[in-house]
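Per my numbering, residue 906 is the first one in the sequence shown, and the count goes up by one each step. Cβ coordinates follow ideal geometry from the N, Cα and C atoms, glycine included. This one's a predicted model, so the numbers in the text were calculated from it and none came from an experiment. Here the structure is laid out as C-alpha cells; the discussion comes afterwards.
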Amino acid sequence: MNRRMLAVAALVALAVIAAAPADPAARAQPAPAPEVTVQPASARIGDHLRLAVRVVLPPGQQPEFAPGTAGWGAVELVRLEPPRQLRTTSAGTEWLLEAVVAPFALGDLAFSPTLAVTTGAEVATLEPPPVTIAVLPTLLP
906 MNRRMLAVAA
916 LVALAVIAAA
926 PADPAARAQP
936 APAPEVTVQP
946 ASARIGDHLR
956 LAVRVVLPPG
966 QQPEFAPGTA
976 GWGAVELVRL
986 EPPRQLRTTS
996 AGTEWLLEAV
1006 VAPFALGDLA
1016 FSPTLAVTTG
1026 AEVATLEPPP
1036 VTIAVLPTLL
1046 P
C-alpha cells in the first residue's frame, strides 16, 4: 500500500509541475506603477493644483493618500476626494485618487504622493514615481 501511495503522490507532483507556466514572468506579473499627473505643471507658492493618481491593485486592496510622509516633500494637501473604482478586471481594480495640493518651496519641486494601501487590517505604503512641479517666484528680481 505504501508503494501505491508513493506512486500517486509522484503523479500528483508531476501534474502540478506540468500545469505551472514555464515562464516565471507569466506566473506573477507585478502591477503597473501608479500614474501620477499634476495640473498645471507650474505654479507659485501656495497655488492650488489638481493631483490625480491612477493605480491598479489586486482585489481586496484599497488605496488612499498618506500625506505628511517623506515623499510629499514641500507639497501640502489642501483637499481630498474619495477614492473611486474605475473598473475591475481579473488583473485587479483600477483606482483614481484625486486631490488639490499646494507647493511651498521654489524651483523644480519633485514629489511622490505616497499612498497607503489597506488589505483587511494590514496597511502598506506605495511610493509612486515622482512628478515635478515648476514653482515660480512671486516677486520679480
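Around the beta carbon of residue 948, a 10 Å sphere encloses 16 or more other beta carbons of the protein chains shown; the residue is thus reported as buried. By the neighbour-count criterion, in which a residue is buried when 16 or more other Cβ atoms sit within 10 angstroms of its Cβ, residue 987 is exposed. Cβ neighbours of residue 1004 within its own chain (closer than 7 angstroms, five residues either side excluded): 956, 970, 982, 984, 985, 986.
Using a 10 angstroms sphere on the CB of residue 951, the tally of other CB atoms stays under 16, which defines it as exposed. Rounded to the nearest whole angstrom, the CA to CA distance from residue 958 to residue 1036 is 11 angstroms. Contact between residue 1031 and residue 939 holds, with the beta-carbon distance rounding to 7 angstroms and staying under 8 angstroms.
Checking the DSSP bridge columns, you'll see residue 1038 partnered with 1014. Of the residues 990, 1011, 1014, 1033, the one whose Cα lies closest to the Cα of residue 1021 is 1033. Taking every protein chain shown into account, the CB of residue 1044 has fewer than 16 other CB atoms within 10 angstroms, so this residue is exposed. A distance below 6 angstroms between beta-carbons, with the five flanking residues on each side excluded, links residue 942 to the following residues of its chain, in chain order: 957. Closest by C-alpha distance to residue 1026, out of 967, 973, 1039, is 967.
For residue 968, the enclosing beta strand (DSSP E) begins and ends at 966 to 970. In this structure, residue 1038 places its C-beta atom within 8 angstroms of the C-beta atom of residue 1008.
With contacts defined as CB atoms closer than 8 angstroms, residue 961 and residue 998 qualify as a contacting pair.
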